[in-house]
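Student: Just passing along the structure, written as structure tokens.
If you want it as structure tokens, here you go:
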């Protein structure tokens with residue numbers, strides 16, 4: 324146990340030193356390789372290492388790694404969204420150009436299955452907070468699982484929404500069912516009551532405090548009985564994404580938490596919660 328913990332800490336420290344010294348986090352062979360190494364280091368689920376009990380120095384590194392990785396993912400998604408949007412035919416026919424598209428297919432299928440287990444009817448309006456340049460979840464759910472549902476994507480970045488809207492604008496179906504809102508979700512109030520389901524992206528919130536602030540805002544303004552679908556992380560994977568605890572979901576009843584295994588093909592844990600009555 325002690326050896327395993329020491330080995331992991333050394334790996335994380337070495338990777339953090341390399342990543343934090345990169346001149347740019349935009350897609351390149353070096354950037355991609357380092358973040359792939361970080362992913363591989365944090366993927367194992369069979370471990371006795373308690374992330375919360377690691378020393379303050381490692382906790383700070385963990386927070387910084389999540390921020391750096393989030394920034395790198397943003398650049399990567401921006402790059403691939405630009406490439407897809409520049410294609411002559413429908414960009415949605417070429418989503419598999421993105422190297423992690425299959426992961427999104429698997430994650431979205433699990434989220435759809437969990438959602439259907441917890442709702443009495445097929446939702447007609449879904450919001451996705453933090454949709455970014457590549458709104459894969461909305462696209463996949465709309466295309467393969469919820470053919471009559473309208474999706475409202477919220478993102479604070481106008482460039483991200485501009486790129487994302489180009490991906491669906493040439494699709495005769497999704498262009499009318501996926502709508503984009505450029506807004507800080509903390510400034511959205513009454514509109515949040517319109518949605519039966521709200522998805523919260525894993526990269527929303529630069530740290531745990533910011534993430535909880537968004538959750539509390541959703542708790543104040545979502546309609547009673549509406550479902551919140553959010554992505555978290557367990558174990559070593561909390562070095563990749565912010566981990567959300569049930570106690571962070573004030574104003575919600577946590578209905579289910581799904582922790583993926585290595586064979587699932589994706590990293591995020593999925594939490595389903597119901598908004599309590601006001």
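In this note's numbering, the protein residues as written are 324 to 601. Glycine is no exception: its CB is placed at the ideal position from the N, C-alpha and C atoms.
(1) By Cβ distance, which residues of its chain are closer than 6 Å to residue 450, with the 5 residues on each side in sequence left out?
(2) Which one of 349, 482 and 394 has the shortest CA to CA distance from residue 529?
(3) Using the three-state DSSP reduction, which class does residue 503 fall into: helix, strand or coil?
(4) Suppose only complete runs of 4+ residues qualify. What are the alpha helix (DSSP H) ranges in the region 392-463, listed by chain order?
(5) Quick one: any contact between the region 348-361 and the region 394-409, if contact means 3 or more CB pairs under 8 Å?
(6) Where does residue 516 land, buried or exposed, given buried means 16+ other C-beta within 10 angstroms?
(7) If you draw a straight line from the alpha carbon of residue 444 to that of residue 472, how long is it in whole angstroms?
(8) For residue 487, which residues of its own chain have a beta-carbon under 8 Å away from its beta-carbon, when the five flanking residues on both sides are left out?
(9) Using only the alpha-carbon positions, how far apart do residue 601 and residue 388 sit?
(10) Does residue 589 come out as helix, strand or coil in the three-state DSSP assignment?
(11) Going by Cα to Cα distance, which pick from 594, 599, 583 and 598 is closest to residue 369?
(12) Find the nearest neighbour of residue 439 within the set 588, 556, 512 and 578, judged by alpha-carbon distance.
(13) Between the Cα of residue 564 and those of 386, 491, 537 and 408, spot the shortest distance and give me the residue it belongs to.
(14) If I follow the unbroken alpha helix (DSSP H) through residue 353, where does it start and stop?
(15) Could you tell me whether the region 414-430 touches the region 370-381, where touching means 3 or more Cβ pairs closer than 8 Å?
(16) Note the first and the last residue of the continuous alpha helix (DSSP H) segment covering residue 532.
(17) Quick check on the DSSP output: what are the complete beta strand (DSSP E) runs of length 3 or more inside the region 479-523, in order along the chain?
(18) Helix, strand or coil: which one does DSSP assign to residue 370?
(19) Which class does residue 549 belong to by DSSP, given the choice of helix, strand or coil?
(20) Starting from residue 576 and walking both ways along the beta strand (DSSP E), at which residues does that stretch end?
(21) Does residue 543 pass the burial test, meaning 16 or more other C-beta atoms within 10 Å, or should it be called exposed?
(22) Return the chain-ordered list of same chain residues with a C-beta closer than 6 Å to the C-beta of residue 334, the five sequence neighbours on each side being excluded.
(23) In angstroms with no decimal places, state the Cα-to-Cα distance between residue 417 and residue 351.
(24) May I ask you to list the residues that DSSP assigns as paired with residue 477?
(25) Buried or exposed: residue 409, going by 16 or more other Cβ atoms within 10 Å of its Cβ?
(26) Beta-carbon separation of residue 415 and residue 462 under 8 Å?
(27) Can you tell me the Cβ-Cβ gap for residue 533 and residue 500, rounded? I've got them flagged as a contact below 8 Å.
(28) What is the DSSP secondary structure of residue 556, reduced to helix, strand or coil?
(29) Go ahead and pull the three-state DSSP assignment for residue 346.
Tutor: On the basis of the data shown:
(1) So the qualifying residues of the chain are 475, 518 and 521.
(2) Comparing Cα-Cα distances from residue 529 to each of 349, 482 and 394, the minimum goes to 394.
(3) Here DSSP, grouped into helix, strand and coil, assigns residue 503 to strand.
(4) DSSP runs (the alpha helix (DSSP H)) wholly in the region 392-463: 424-440 and 459-463.
(5) Using a Cβ-Cβ distance cut-off of 8 Å, the region 348-361 and the region 394-409 are in contact, since at least three pairs of beta carbons, one from each stretch, lie closer than that value.
(6) The C-beta of residue 516 has fewer than 16 other C-beta atoms within 10 Å across all chains shown, which makes the residue exposed.
(7) Computed Cα separation, rounded: 12 Å.
(8) The beta carbon of residue 487 is closer than 8 Å to those of 404, 454, 455, 456, 457, 458, 476, 478 and 503 in its chain, skipping five residues each way along the sequence.
(9) In a straight line, the C-alpha of residue 601 is about 37 Å away from that of residue 388.
(10) In the three-state reduction of the DSSP assignment, residue 589 falls in the coil class.
(11) Distance from the Cα of residue 369 is smallest, within the candidate group 594, 599, 583 and 598, for 583.
(12) Answer by Cα proximity: 578.
(13) Of 386, 491, 537 and 408, the smallest CA-CA separation from residue 564 is found for 386.
(14) Run containing residue 353: 352-365, per the alpha helix (DSSP H) assignment.
(15) No, they do not touch.
(16) Looking at the DSSP string, the run of the alpha helix (DSSP H) that includes residue 532 is 531-544.
(17) For the region 479-523, whole beta strand (DSSP E) runs of length 3 or above, ordered along the chain, are 501-505 and 520-523.
(18) Under the three-state reduction of DSSP, residue 370 is assigned to coil, being neither helix nor strand.
(19) When DSSP states are grouped into helix, strand and coil, residue 549 belongs to the coil group.
(20) Membership of residue 576 in the beta strand (DSSP E) is indicated by the continuous run 575-581.
(21) Residue 543 is exposed by the Cβ-count criterion.
(22) Within the same chain, residue 334 has close Cβ partners 364.
(23) Distance from the CA of residue 417 to the CA of residue 351, rounded to the nearest whole angstrom, comes to 21 Å.
(24) According to DSSP, residue 477 bridges with 452 and 504.
(25) By the neighbour-count definition (other C-beta atoms within 10 Å, threshold 16), residue 409 is an exposed residue.
(26) Their beta carbons are under 8 Å apart, which means residue 415 touches residue 462 by this criterion.
(27) Taking C-beta atoms under 8 Å as the contact rule, residue 533 and residue 500 fail to qualify, at a distance of about 30 Å.
(28) In the three-state scheme derived from DSSP, where H, G and I count as helix and E and B as strand, residue 556 is classed as coil.
(29) Residue 346 carries a coil assignment under DSSP once its states are collapsed to helix, strand and coil.
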